[in-house]
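Chemist:
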Amino acid sequence: ERSKLNRLKDTKATTLDGEDVNLLTNIEGPKDVAQSKAVSADGVGLYRTEFLFLGRDTLPDEDEQYEAYRAVLKAMPTKPVTIRTFDVGADKALNGAHSRSEPNPALGLRAVRYSLAEPKMFLTQLRALLRASAHGKLQIMIPMLAHAHEIDQSLALIEKAKAELRAEKVKFNEQVPVGGMIEVPAAALSLGMFIRRLSFLSIGTNDLIQYTLAIDRSDEAVVHLYDPLHPAVLKLIGGTIQAGARFGLPVSVCGEMAGDPAYTQLFLGMGLRNFSMHPAHILEVKQQILRADVGELAPRVQRILRMDEQARVREAVERLGN
Ligand code: PEP
Ligand code: MG
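Residue numbers for the sequence shown follow full-length UniProt numbering, so the first one is 255 and each next one is one higher.
#1: So within the stretch 291-316, which uninterrupted beta strand (DSSP E) runs reach at least 3 residues, ignoring any that extend past its ends?
#2: For Ser355, which beta-bridge partners are listed by DSSP?
#3: Inspect the beta-carbon positions of Ile405 and Thr494 and report whether they are closer than 7 Å.
#4: Using DSSP bridges, identify the partner residues of Met395.
#5: Shorter than 6 Å, the distance from the beta carbon of Glu437 to the closest heavy atom of the ligand MG, or not?
#6: Using the DSSP secondary-structure output, state which residues sit across from Ile281 in a beta bridge.
#7: Just to confirm before moving on: does the CB-CB distance between Ala415 and Arg381 stay below 7 Å?
#8: Alpha carbon to alpha carbon, how far is Glu538 from Arg545?
#9: Tell me which residues share the same chain as Ala497 and place their Cβ nearer than 6 Å to its Cβ, disregarding the 5 neighbours each side in the sequence.
#10: Look at the alpha carbon of Ala329 and the alpha carbon of Gln289, and state the distance between them as a whole number of angstroms.
#11: Among all the DSSP beta bridges, which residues are the ones paired with Asn260?
#12: Less than 7 Å between the C-beta atoms of Gly523 and Leu551, yes or no?
#13: Can you determine whether any heavy atom of the ligand GTP sits closer than 6 Å to the C-beta of Gly458, and answer yes or no?
#14: Have a look at Ala442 and Val326 and give me their C-alpha separation to the nearest angstrom.
#15: Which ranges would you report for the alpha helix (DSSP H) in the stretch 435-492 if only whole runs of at least 4 residues count?
#16: When you compare only the Cα positions, how much space is there between Lys423 and Asp264?
#17: Quick check on DSSP: helix, strand or coil for Val424?
#18: Using 8 Å as the cut-off, can you tell me whether the stretch 337-346 makes contact with the stretch 276-285, which would need three or more C-beta pairs spanning the two stretches below that distance?
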């Protein structure tokens, strides 16, 4: 089975009716790029930079970050590489002096909230990212957005970092695209203010499911209630993909759902054309894409998005793959 899949490595991910799909990878550092290249990925859809931080007591300085980002871009010089700013807090807490205790970490100071609360740390990361942008097709992505002012403050810090680098005569890409993650229900329900300010969106289904269903994704006692096919979750995902298409803004999905071949046909029928996942899942998902007919899937998926019984949704999604 593996060797059959391996033969798909150099096949373009195109549906039966000719729709091209981008298959991107989720990585945690330069060490993961080889695995992405081994499956001929179309780029990196999510580089989780907080892994530079975890398990150590000091924060990496600008040069250390720059080297890590540049290494990924140099290894994939012609493909888009989406690097996410630190998503620390909650399940990815820092050690030592930077750790803090919070009543409810999942609802606390994490991701962009943390970065904006530590503007010096954020500016250091943004300078490292911009410097790396001179070496490939870098895109900057901001996690856990819920408010317009979080984007505005992040964009203002990016402008500040650019002004500093210009003054220092350091090269960077002036046009580096800045996108954001849709992983809080509030964001998925107020897309206009995100679409107006950003160049692309990426749906983080792991957190979107957690926050829509009020299920802590790391709590064993409630994990059986974590249902990716809950009608509310599908409406938020489907609505985000459709809004992106309407406004001409690229949308990807980078949560675990994107790498599960059981959901590939569902996403294609919603209109998704950018999937980002662990490299180990790329070929199985490609296999589903090669046997899909989007023209046939789209009306069936529209009906699924109107269903409001979990059991019926599950049955209908299972039928899509057959
Ligand atoms: C997500 O929430 O789906 C996501 C991709 O981000 P992370 O899993 O790193 O929180
Ligand atoms: Mg997330």
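Note that the Cβ used here is the ideal one computed from N, Cα and C, for glycine as well.
Modeler: Quick look at the numbers:
#1: Runs of the beta strand (DSSP E) inside the stretch 291-316: 298-302.
#2: Partner(s): none; Ser355 has no beta bridge.
#3: Contact flag unset, no.
#4: Met395 is bridged by DSSP to Arg338, Gly433.
#5: Yes, Cβ of Glu437 sits closer than 6 Å to a heavy atom of the ligand MG.
#6: Under DSSP, Ile281 takes part in a beta bridge, and its partners are Tyr301.
#7: Contact flag set, yes.
#8: Glu538 and Arg545: Cα-Cα distance of roughly 11 Å.
#9: Here the set comprises Leu445.
#10: Straight-line spacing of the CA atoms in Ala329 and Gln289 works out to 11 Å.
#11: Answer by DSSP bridge pairing: none, since Asn260 is not bridged.
#12: Going by C-beta atoms, Gly523 is nearer than 7 Å to Leu551.
#13: What this structure holds is the ligand PEP and the ligand MG, not the ligand GTP.
#14: Computed Cα separation, rounded: 30 Å.
#15: List check, alpha helix (DSSP H) in window: 439-442, 445-449, 459-467.
#16: Roughly 41 Å separates the two Cα atoms.
#17: It is coil, neither helix nor strand.
#18: Not touching, per the Cβ criterion.
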